[in-house]
Structures are given as structure tokens and as C-alpha cells.
Amino acid sequence: MNERERFHATMHYLPRDRSPIYDFNFWDETIVVWYDQGLPRQVDRDNSDDFLGMDSFHHTGVSVDLIPRFDEIILEDRGEFEIKQQDDGVRVLRKKFMGSIPQHVGHLLVDRESWRTHYKPRLDPDSPERYPEDWDTRVRDWTDPNRETVMVLPGGSLYGRLRDWMGLENISLVLYDDPAWFEEMVETLADCIVGTLTRLLETGAKFEACGMWEDMAYNAGPLMSVRHFKQFLVPHYRRITDLLHRYGVDVVWVDCDGNIEKLVPLWLDAGVNCMFPLEIGTWGADPVAYRQQYGQDLLIMGGFDKHILARSKDEIAREIERLTPLVEEGGYIGFCDHRVPPDVPLDNYLFYLETVRKAWGKNLNLKPMHPLEHKIS
Amino acid sequence: METLEIIRKAIIEGQAKEVEQHVQAALDSGMKATTILYDGLIPAMAEVGRLYEEGEYFVPEMLIAARAMKTGLGLLKPFLVEGNVQPLGKVAIATVQGDLHDIGKNLVSLMLEGAGFEIVDLGVNAEPQKFVDAVQQQQVNVVAMSALLTTTMTRMKDTITALDAAGVRGKVKVIIGGAPITQAYADEIGADGYAPDASQAVNLTKRLLAAS
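Sequence order for the protein chains is A and B. If you read the first sequence in this note's numbering, its first letter stands for residue 1, the second for the next number, and so on. If you read the second sequence in this note's numbering, its first letter stands for residue 1001, the second for the next number, and so on.
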């Protein structure tokens, strides 16, 4: 069974040789800390999947985001920190070496005029730069009936990007001060996603999934009300998921950190059926409980508590054992509930990996791990 | 509907212009600023907190209510200063050293201000000494710390240690919050309390100060 067949079987509750083995990658700092714990220095976030024998997703190279990007400019050097204009136009105070989510200190998107001038023109689905120069070659690869890789479509964002571009406080106020403009922005994002996806889907390729990103929840729940979500977002999610469904793409995940309990039924209703990375958090989310609540309609990826990875091997083993029936049922691919943080010892992580390769990967048809000098204690 | 009820309703619904209009009218009619504050603005924000805790309000509703409240408070401030009206307490608040995330901190500040507390905002990436200085120089009686990351939450303990070392720990209540924080962690590092959200941070602060 190849990766493509295995992913499809897993997400459709069909028989398969083993579960896919993925992870949500690592913080930059984790890799650096792990160098001192025995990780070879040639490993970085870009090649860690290969090095650690992970299965992988492949992306189309097509963007549904801002095109062209804004210039990245360092506006002020503050030693360990800097103020930077990012390529999405947002000015942030950030650590030069990642380690914290940056603080927004200024936004280009502040009103209808700045929307019309700076952002809306960058959301044209027909921008040639949105599509890679080697489009024809890629289409040949995507449509190859013998393709073995898992190809994921870009699903974009209807709210998360707006929150990024304006800041939480400003976008929250727009919901009340100028709801028509909020709706226009969401519709424009959806138009860009639908237009771009249409071009991809019309190639005739059979894609395995579509990945959206929102990050619209925190520890206390969603960042907007259920009423607003239904009013402004659901109709446009449906435009996207209806299109995907027409072309046979029935795995649509949304990457959303935080407590998503109130959002899950809304996304399911809108055709977004896979939650990623199902952060456990202090609110105690649990993939097993979610499956009990929503049945097999809900697909899950992630859901392995990062805090457990930082504790003892006994706890890691117990959690793997607890999640194994869900992995075996299908519709669930277990991995860390966010990027693996630096307080997880390499020794623990390698123990986790060795155990899931055996328990979930059945030690069958696994990608090889590069040999490490570090031996699990 | 009586004036104070109109003001309360306008705040709860986030109608800043109405709040401005009716607070001004109340002042013009001779109503005391303290009456408008204690019987209008503060109860309205308490109701916003209740609605938030019950899941009827979300961040946008909290923000527009706080904005409306601030509009009213701006009109009252000259009178409150003139009358030497003291806040319920003075809270030094910041995101701890190494952490730049300020959304949670800002929401807690808004709700505490709406409840009648004075806020000393120490910003983000606040080293322990910054809290110590605030306690020593600005006579705050509550220190509120926020952290988003498991890697930065340890700075909360460092701050408590610094308050101890400076001999001011006994002068303040220390409250903490943020995505990775739990009551167990608050107990472990010797904080006086933990709140899972902005509204409960207000209740916690009131409770701690009432008990002290």
C-alpha cells in the first residue's frame, strides 16, 4: 500500500496495512535544544520528516493567499528583538530567533480604503503569479494515475487571515461597526479560494484533501460568536466545500489551535470535516471524546497532548495505548497537538516515535529513520 | 426607562454614542459621577462579564462593550479626579519576559478597568524587575501576569521570586493566566490565584482583595 492509498483508506475507514505516521513538525528552538541532546546538526525543520521517517503531505505550490506579497522590511533593530513589516503587511515586534508569537504593533489594513488599495487587489484568483511556472509539469504529476503521494489542496482562510491583517481587536470591532465591509472581505477571500481551487480541480487531478487554516479560538473558546460564524462564514465555507465535493475531495481539514468545542459542529455543518491539530490544552480536549460525540463524520489529525511528551515515558506509552483503538478504527491520525515544543526531551520524542511506529505503524512499510547516535534511555 | 438603566443597557449592547449622550445628560442633570460609575458603568460591565462566562458573549461583544464603557468613563474622569475617588485597586499587568503575546493581557485589562480597577500596563516581555518596580514605585496591590507558552510561563515563578527577594511579595496579590496556565500551576509557583478568562480574572481580583 502506498502513502496515497493509505491516507485515503485511513480517512474513509477502509482496511489498510497501517496508520500513516506524521507529525506537526517542531519549533525552531526544539531543534536547537535537541542538537545538544544528540540530534545531528544537519537536521532542520525542512528535512526532519525525512530524517525521522515520517510520511508526508505534498502541496501544489499554488497560493490562495496575498499575491504579490508585501516587501519584508526590518524597521528597527532592537538587539534580541526587531520591528519588522511582514510579507502580509503587518508590523510586528518579534524575536529575531522565533520563540514567541510576535506582538502586532501596526497594520496596513485599517479601513475600507486600505482594503481597496492594498489588500483586495492582492486576492485576484487570476493573478498569474498565483500559479507555479512549471504548472504543466506539476499537472502531469498530479494527474499521473500511478502517483503515490498525498496531494493537498490549499484551502485558505475566511477569518484567520483577516484577524492577522487587522489584529483581533480591530477585526472584532469591524463586525459591529461595519458588518457589510466584514462580509465583503470574507466574500473576497472566498472568491479567491474558489477561483483558484476551480483551476486546480479542472486539471482532472484527484486530490486527497484540502487544508484550511483559521486559528480562531483560544483557551476560552472561539474568537467570534456562533451567530456571527453562521451568518458570515458558513455560507462561504459551503461554497468552498461544495466545489470540493463536486470534484470528489471529501477530506477538508481546518488548522485551528485553541478550544474549538463550539466550532466543531459548525464546521461539520459547513462541510469542513477534519480537525487539525486538535489541541488538548488546559480545557482538556480529547479525540476519543470527540469521536464518541460526533461519530465517524468527524475526522481528526493530531490530538496527542504535547505536555505528555514532556513528561515520562510511562505516560507517553499509556497515552499511545489509550489512543490506539481510535487509530485502528480509522478517521484519526495521531500526532502531537501542535509543533513539538523545546521542553520535550529528544529522548522522550524518540521513544514516542519508536512506540507509535510499532503500535500505529505496525512496523510495516515504514519510511526508514536515519540512524542516530542518540540511544533511547 | 431611568437614565442609569439606559446607560447600563447601552454599555451591554456596545452603543458608545448612546452611552456618551446619556452619561453627559446625567451629569448635566446633576447626577453624581460616582453614582453613574458605581450604579451604571460598573454593573453594566459586570453583566457583560456574566454574559461572557455563560457563553452568550464573545470577544467582539466584550470589546464593543468595553469601548462604550470607556466613552462614559472619559466623561466621568474629571469629576472622579476632582472628588479624589479611589479605584477598587491598582493592578500592574503584563505579559511575562520572553513572551510577546498581548491579546489576553489586553482583554483582562479592559475588564478590570470596567470593574473599577486602575491599570498599570507594563506591556509585553516584562522582566521580573519591572513588576518589582511597579509595586515599589506605583503602589500597586495586584500583580497580574499572562503567558501564552509553556516555555515562558516559568517566568511567572521568577517574578514571584523577585517580588519575594525585594521584600514586597506580602504587599500584593499575584494572579496569573494564559493558555497553558492552570490552578495547579498557580499553586505550584505560589501565586494567589488563576483565572481562565478575563471575566473570571475580575471576580478573582475582587475576591482576593476583599479577603486581604
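Each residue gets a CB set at the ideal place from its N, CA and C atoms; glycine is no exception. The model shown is predicted, which means the values in this text are computed figures rather than measured ones.
Query raised in the report: Is the stretch 1180-1189 of chain B touching the stretch 195-209 of chain A, taking contact as three or more C-beta pairs under 8 Å?
Result: no
Query - Beta-carbon proximity check, A/P265 vs A/L278, cutoff 8 Å - result: The Cβ-Cβ distance between A/P265 and A/L278 does not fall below 8 Å.
**Report entry** Cβ neighbour criterion (16 or more within 10 Å) applied to A/S172
**Finding:** buried
Query raised in the report: Unbroken beta strand (DSSP E) runs of length 3 or more, entirely within the stretch 55-100 of chain A: which are they?
Result: As far as the stretch 55-100 of chain A is concerned, its whole beta strand (DSSP E) runs of at least 3 residues are 57-59, 73-78, 81-85, 91-95.
Requested in this report: Closer than 7 Å by C-beta to B/E1127: which residues in its own chain qualify, once you throw out the five before and the five after it? Chain order, please.
Outcome: Q1097
Report task. Tell me the start and end of each unbroken beta strand (DSSP E) in the stretch 268-302 of chain A that is at least 3 residues and wholly inside, in chain order. Result -> 274-276
Query raised in the report: Excluding the five sequence neighbours on either side, which residues of its own chain have a C-beta within less than 8 Å of the C-beta of B/E1020, listed in chain order?
Result: T1071, G1072, L1075
Query raised in the report: Start and end of the alpha helix (DSSP H) containing B/E1118?
Result: Counting along the chain, B/E1118 falls outside any alpha helix (DSSP H), though it belongs to the beta strand (DSSP E) covering 1118-1121.
Requested in this report: Quick one: using the 10 Å Cβ neighbour count with 16 as the cut-off for buried, is A/D144 buried or exposed?
Outcome: A/D144 comes out exposed.
Query raised in the report: Quick one, are the C-beta atoms of B/L1163 and B/V1135 less than 8 Å apart?
Result: yes
Query raised in the report: Any Cβ of chain B within less than 8 Å of the Cβ of A/P102?
Result: yes
Query raised in the report: What are the boundary residues of the beta strand (DSSP E) that A/D255 is part of?
Result: 252-255
Report task. Check whether the Cβ atoms of A/L108 and A/G89 lie closer than 8 Å to each other. Result -> yes
Query raised in the report: Looking at the C-beta of B/E1061, does it have a partner C-beta in chain D at a distance below 8 Å?
Result: Judged by its chain identifiers, the structure shown contains no chain D, and its protein chains are A and B.
**Report entry** Neighbour list for A/P277 in chain B, Cβ cutoff strictly below 9 Å
**Finding:** In chain order: nothing, as chain B lies at least about 14 Å away.
Query - Reduced DSSP category for B/T1150 - H, G, I as helix; E, B as strand; rest coil - result: coil
Requested in this report: Specify, as a first and last residue, the run of the alpha helix (DSSP H) that B/F1058 falls within.
Outcome: Careful: B/F1058 lies outside any alpha helix (DSSP H) and carries neither H nor E.
Query raised in the report: Where does A/W213 fall in DSSP's three states?
Result: strand
Query raised in the report: Can you name the start and end residues of the beta strand (DSSP E) that A/H245 belongs to?
Result: No beta strand (DSSP E) contains A/H245, which is instead part of the alpha helix (DSSP H) from 234-246.
Report task. Take A/M54 as the anchor and find which of A/T60, A/W253, A/L93, A/V356 has the nearest alpha-carbon. Result -> A/V356
Requested in this report: Please report the residue range of the beta strand (DSSP E) in which B/T1095 lies.
Outcome: 1090-1095
**Report entry** CB-CB length for B/L1125 against B/L1100, believed under 8 Å
**Finding:** Sequence inspection shows Asn at residue 1125 of chain B; the Leu mentioned does not correspond to that position. Yes, they are in contact, since the Cβ atoms of B/N1125 and B/L1100 sit about 6 Å apart, within 8 Å.
Query raised in the report: Nearest-angstrom Cα distance between B/L1107 and A/Q296?
Result: 37 Å
Query raised in the report: Are B/V1048 and B/I1012 touching if we call contact CB-CB under 8 Å?
Result: yes
Report task. Can you tell me which of A/D215, A/T137, A/D134 puts its alpha carbon nearest to the alpha carbon of A/G378? Result -> One cannot answer for residue 378 of chain A here, as it falls past the ends of chain A, which runs 1 to 377.
Query - For A/S63 and A/P154, believed in contact at Cβ under 8 Å, the rounded distance - result: Sure, about 7 Å apart at Cβ, within 8 Å.
Query raised in the report: At which residues does the beta strand (DSSP E) containing A/V152 begin and terminate?
Result: Note, A/V152: beta strand (DSSP E), 150-156.
Requested in this report: List the residues of chain A whose Cβ lies closer than 7 Å to the Cβ of B/T1034, in chain order.
Outcome: Neighbours of B/T1034 on chain A: none; closest Cβ ~29 Å, over 7 Å.
**Report entry** Collapsed DSSP secondary structure at A/Y35 in the structure displayed
**Finding:** helix
Query raised in the report: If we count the other Cβ atoms within 10 Å of its Cβ and call it buried at 16 or more, is A/F97 buried or exposed?
Result: exposed
Query raised in the report: Can you tell me whether B/R1067 is buried or exposed, with buried defined as 16 or more other CB within 10 angstroms of its CB?
Result: buried
Query - Contact set between A/E184 and chain B, taken where Cβ atoms lie within less than 9 Å - result: Per Cβ cutoff of 9 Å: no residues; A/E184 is ~17 Å from chain B at best.
Report task. Output the boundary residues of the alpha helix (DSSP H) element that contains A/F335. Result -> Unbroken run through A/F335 is the beta strand (DSSP E), 332-336; no alpha helix (DSSP H).
Query - alpha helix (DSSP H) segment containing B/H982, residue limits - result: Coverage of chain B is limited to positions 1001 through 1212, which leaves residue 982 of chain B absent and any answer about it impossible.
Report task. Taking C-beta pairs closer than 8 Å, name the residues in chain A that B/G1014 reaches, listed in chain order. Result -> Simply Y176.
Report task. Would you kindly work out how many angstroms separate the C-alpha atoms of B/A1016 and B/D1039, rounded to a whole number? Result -> 17 Å
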